[in-house]
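Q: Just so we're aligned, residue 1462 is where the sequence shown starts under our numbering, counting upward by one.
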Amino acid sequence: MDTTIMQLPPCNVMPKAGDAKLYGLNMNPLENRHNLELIGNLPKPNNLNVKKSIIGIGYETLDRDTFDPRLTYELMKNSGVKWARMQTGWIKCEKEKGVYDFKWLDETVDSLLAIGIQPWLSVSFGNPLYTPVEGYADYAEKHLGEKVPSTVRGYVGEVPMYHGKEAVKGWKNYLAAMTKHFKGRVTHWEIWNEPNTAPYGFWKTYNLYKDCNRSEFEKKCAEDYVELVRISSEEIRKADPDAKIIGGSISLSLDACFFMRNMVNAGLAKYIDILTFHPYGTNPEFGLEVRYDNIRYELDTHGGSHIKIWQGETGMPTIQRMGLSSGNEYVQAKFLTRRYTSDFKIGCEMSSYFMVIDKQNYNERTGEKVCGMGVLKCTGSPKLSYQALQSMGYLFDSAEKAEDLYIRINIHGTPLMSHLRHISMVTNKFRRNGVPVFSYHVPENPEMSLEPGIIDIQLWIDEKDKLENPVLIDPIRGNVYEIKEVESCKRGFKYPPVGFDENVQGFVTIRGLPFVDYPLFITDKSVLG
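1. Cα-Cα, which of LEU1749, LEU1532, THR1640, GLY1765 is closest to ASP1703?
2. Using a threshold of 7 Å, is the CB atom of ALA1730 nearer than that to any non-hydrogen atom of the ligand ATP?
3. Using only CA atoms, which one of GLY1833, LEU1928, ARG1938 lies nearest to PRO1945?
4. Between which two residues does the beta strand (DSSP E) harbouring PHE1678 extend?
5. Enumerate in chain order the residues of its own chain whose CB-to-CB distance from VAL1831 is below 8 Å, with the five nearest sequence positions on each side excluded.
6. Run through the segment 1567 to 1644 for me and flag every whole beta strand (DSSP E) of 3 or more residues, listed as ranges in chain order.
7. State the DSSP-derived secondary structure class of ARG1938, mapped to helix, strand or coil.
8. Roughly how many whole angstroms lie between the Cα atoms of THR1875 and ILE1916?
9. Is it buried or exposed, SER1766, if we count other Cβ atoms within 10 angstroms and call 16 or more buried?
10. Tell me which residues share the same chain as CYS1718 and place their Cβ nearer than 7 Å to its Cβ, disregarding the 5 neighbours each side in the sequence.
11. Which same chain residues, not among the five before or five after VAL1725, have their C-beta less than 6 Å away from its C-beta?
12. Could you check if LEU1881 is buried or exposed, using at least 16 other CB atoms within 10 Å of its CB as the buried criterion?
13. Report the rounded CA-to-CA distance for GLU1905 versus VAL1792, giving the unit in angstroms.
14. Beta-carbon separation of HIS1642 and TRP1581 under 8 Å?
15. Return the CA-CA distance between VAL1977 and GLU1912, expressed in angstroms with no decimal places.
16. Output the boundary residues of the alpha helix (DSSP H) element that contains MET1537.
17. Given TYR1661, which residues of its chain have a CB within under 8 Å of its CB, disregarding the five upstream and five downstream residues?
18. Please go through the same chain and pick out, in chain order, the residues whose beta-carbon is closer than 7 Å to the beta-carbon of ARG1698, but skip the five residues on each side of it.
19. So for GLY1953, helix, strand or coil by DSSP?
20. Taking 8 Å as the limit between beta carbons, can you name the residues of its chain near TRP1664, skipping five residues before and five after?
21. On the premise that ILE1515 lies in contact with VAL1542, defined as a C-beta separation below 8 Å, what is that separation, rounded to the nearest angstrom?
22. Quick one: Cα of SER1583 to Cα of PHE1968, how far?
23. Can you tell me where the alpha helix (DSSP H) holding TYR1721 begins and where it ends?
24. Is DSSP giving PRO1907 helix, strand or coil here?
25. I'd like to know whether the C-beta atoms of SER1846 and GLY1939 end up nearer to each other than 8 Å.
26. Give the C-beta separation of SER1412 and ILE1706 to the nearest angstrom, bearing in mind that I take them to be a contact with Cβ-Cβ under 8 Å.
27. Helix, strand or coil: which one does DSSP assign to LEU1877?
28. So, does the CB of VAL1617 fall closer than 8 Å to a CB anywhere in chain C?
29. Less than 8 Å separating the beta-carbons of LYS1795 and TYR1979?
Written as structure tokens, this is what we have:
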């Protein structure tokens, strides 16, 4: 069966900032503004200099030979990315019982570490030596010489426990060997991927629970998943006592809250350090806070208050796919900036964007020869979203949430909370190396390409905070603008925020700024270095 990746020369030419086609012919919202002066571009981050960041990227499906990782390293080293999710591919590591080959993983793990990116490994999926499926073999034989879907090539969704004791023993031996091999290089291990997609998807039960109703079925699948986490975490921690175990990896479908409750009831919190979730959808903010709060509540009330929450996988394609996008580089770039900003705002300690590069040969059965989820094209050429990724990587370097900062939005002088006009505006505030950073955007569907509007902004800062030379940053274009007209005052809040101390705190008013459907950032010029 031919699953060869096209060997195309790398093409690292950046998108032309002025190419209107990249932006879907949308105007630059910051152009020709009387109070803004373009003074330069946001610096490009060097990953090795980034101390701490939530910014992650996906290297998934490498185990199914869907892309050439060598095309990614040169651009990724200046992306600001600090984390990379990889899938380990049991089927690719063990082709003869008891004989393990991790060379293909070594190459990518070591290459990422060399450019300042920490890989975290999602252990998965089945292996025909232990989890044979006759239908897969038949399909591959009939399509010999053609591209076979990666779901077949990787035995995706074949759970060891459903294939008997020998399969479980083989799985445990595989985990032990792999953990020993990567000890000192990899510290975070995720158990499986999207177990709540049964009976098909990534957790295939076939007819195992055919007599159960839906509620009973989901409960049994959740209990089985927790058992897989238990046996997997034990083997990993035997080999590396300092290992961090990641569980959940849940797809946020409509029934995700039930699966979450069933997992914690089955004792998930006893075995994991981090829980991941996958909030796919066209609008990054839609239901995000409610979903996060539900996960946090279930963990906290079932012995898991110590468990961190990561956003483990989600993205937006530049081609039509699964109803996620009509296909546009500008839409993808907007989605990416909103994804990282929103995940940081709700409290995620890491956010992983799916994925680094477009995949090939992903699902030939459906005619999908290229899966356009990447920030790079199949050739390694960067998309507009890569430029946005660099901006987010730079801005969120050493970012710390700052609950003491305050931002209020007025539209033409009318407070947003006025009963006369209510417009949903998402705001965020943090400090980057001690310097205050604010962002704001309208959470419209990114495919709608909202026409720019005008607002006034009030920022509440401490006297110690540096905001002497405020600038406005467009993260997609990477442009930095000096804000010319700024009002500063110690007093002036008719109704000051709770805790406001006029002796050490004041506010800054900036009038006539544009707003769009992706975050614009206000900070001090000193952030530029």
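Think of the CB as a built atom: it goes at the ideal place given N, C-alpha and C, for glycine as much as any other residue. On a predicted model such as this, the values are computed, not experimentally measured, just so you know.
A: Judging by the given coordinates:
1. Taking the first residue of the sequence shown as position 1, residue 1703 is located at position 242. When the alpha-carbon of ASP1703 is set against those of LEU1749, LEU1532, THR1640, GLY1765, the nearest one is in THR1640.
2. The ligand content of the structure shown is nil, which means the ligand ATP is not present either.
3. What you label residue 1945 is simply residue 484 of the sequence shown in a count that begins at 1. The amino acid occupying residue 1945 in the given sequence is Lys; Pro does not appear at that position. When GLY1833, LEU1928, ARG1938 are compared, the shortest CA-CA separation from LYS1945 is found for LEU1928.
4. In the sequence shown, residue 1678 corresponds to position 217, counting from 1. From DSSP, PHE1678 is part of no beta strand (DSSP E) but of the alpha helix (DSSP H) over 1675 to 1700.
5. The residue labelled residue 1831 in the question sits at position 370 within the sequence shown. Closer than 8 Å at the Cβ level, and outside the excluded window around VAL1831, lie ILE1780, ASP1819, LYS1820, GLN1821, TYR1823, CYS1839.
6. DSSP runs (the beta strand (DSSP E)) wholly in the segment 1567 to 1644: 1579 to 1584.
7. Mapped onto the sequence shown, residue 1938 falls at position 477. In the structure shown, ARG1938 adopts coil according to DSSP, grouped into three states.
8. Locating residue 1875 in the sequence shown gives position 414, counting from the first residue. Locating residue 1916 in the sequence shown gives position 455, counting from the first residue. The predicted position of THR1875 is uncertain, since its pLDDT is 47 and thus under 50; no value can be drawn from it.
9. As a position in the sequence shown, residue 1766 is number 305, starting the count at 1. Exposed is the call here.
10. As a working note, residue 1718 is residue 257 in the sequence shown. Sequence-distant Cβ neighbours of CYS1718 in its own chain, meaning closer than 7 Å and more than five residues away, are ASN1755.
11. Taking the first residue of the sequence shown as 1, we reach residue 1725 at position 264. For VAL1725, where only same-chain residues beyond five positions count, the Cβ hits under 6 Å are GLU1759, HIS1763.
12. In the sequence shown, counting from the first residue as 1, residue 1881 sits at position 420. Below a pLDDT of 50, predicted positions are generally treated as unreliable, and LEU1881, at 38, falls in that range; the measurement from the model is reported next regardless. Exposed, since its Cβ has fewer than 16 Cβ neighbours within 10 Å.
13. Reading the sequence shown from its first residue, position 444 is the one you call residue 1905. Reading the sequence shown from its first residue, position 331 is the one you call residue 1792. One C-alpha to the other measures close to 11 Å.
14. In the sequence shown, the residue the question calls residue 1642 occupies position 181. In the sequence shown, the residue the question calls residue 1581 occupies position 120. No.
15. The residue you call residue 1977 lines up with position 516 of the sequence shown. The residue you call residue 1912 lines up with position 451 of the sequence shown. If you take the alpha carbons of VAL1977 and GLU1912, they lie about 7 Å apart.
16. Within the sequence shown, the letter at position 76 stands for residue 1537. Judged by DSSP secondary structure, MET1537 falls within the alpha helix (DSSP H) whose first and last residues are 1534 to 1537.
17. As a position in the sequence shown, residue 1661 is number 200, starting the count at 1. Excluding sequence neighbours, TYR1661 sits near GLY1618.
18. Translated into the one-based positions of the sequence shown, residue 1698 becomes position 237. Within the same chain, ALA1704 come within 7 Å of ARG1698 by CB-CB distance, once the 5 residues on both sides are set aside.
19. Taking the first residue of the sequence shown as position 1, residue 1953 is located at position 492. With a pLDDT of 47 at GLY1953, under the threshold of 50, the modelled position of that residue is not reliable, and no figure is offered here.
20. Numbered from 1 along the sequence shown, position 203 holds the residue referred to as residue 1664. So the list reads GLY1618, VAL1620, TRP1653, GLU1655, PRO1656, ASN1657, THR1658, CYS1682, TYR1686, once near-sequence residues are dropped.
21. Locating residue 1542 in the sequence shown gives position 81, where the first residue counts as 1. Locating residue 1515 in the sequence shown gives position 54, where the first residue counts as 1. Not really, about 10 Å apart at Cβ, beyond 8 Å.
22. By 1-based counting over the sequence shown, the position of residue 1583 is 122. By 1-based counting over the sequence shown, the position of residue 1968 is 507. SER1583 and PHE1968: Cα-Cα distance of roughly 46 Å.
23. Taking the first residue of the sequence shown as position 1, residue 1721 is located at position 260. With the sequence shown as reference, residue 1721 is identified as Met, and Tyr is not the correct amino acid for it. DSSP places MET1721 in the uninterrupted alpha helix (DSSP H) bounded by 1717 to 1726.
24. Residue mapping note: residue 1907 aligns to position 446 of the sequence shown, counting from 1. Residue state for PRO1907 is assigned as helix, using DSSP reduced to three classes.
25. The sequence position of residue 1846 within the sequence shown is 385, counting from 1. The sequence position of residue 1939 within the sequence shown is 478, counting from 1. With contacts defined as CB atoms closer than 8 Å, SER1846 and GLY1939 fail to qualify as a contacting pair.
26. Nothing can be reported for residue 1412: it is not among the residues displayed for the chain, which extend from 1462 to 1990.
27. Taking the first residue of the sequence shown as position 1, residue 1877 is located at position 416. Because the pLDDT at LEU1877 is just 47, under 50, the model does not fix this residue reliably, and the point stays unresolved.
28. Looking at the structure shown, chain C is missing, and only one protein chain is on hand.
29. Stepping through the sequence shown from its first residue, residue 1795 is reached at position 334. Stepping through the sequence shown from its first residue, residue 1979 is reached at position 518. Their beta carbons are under 8 Å apart, which means LYS1795 touches TYR1979 by this criterion.
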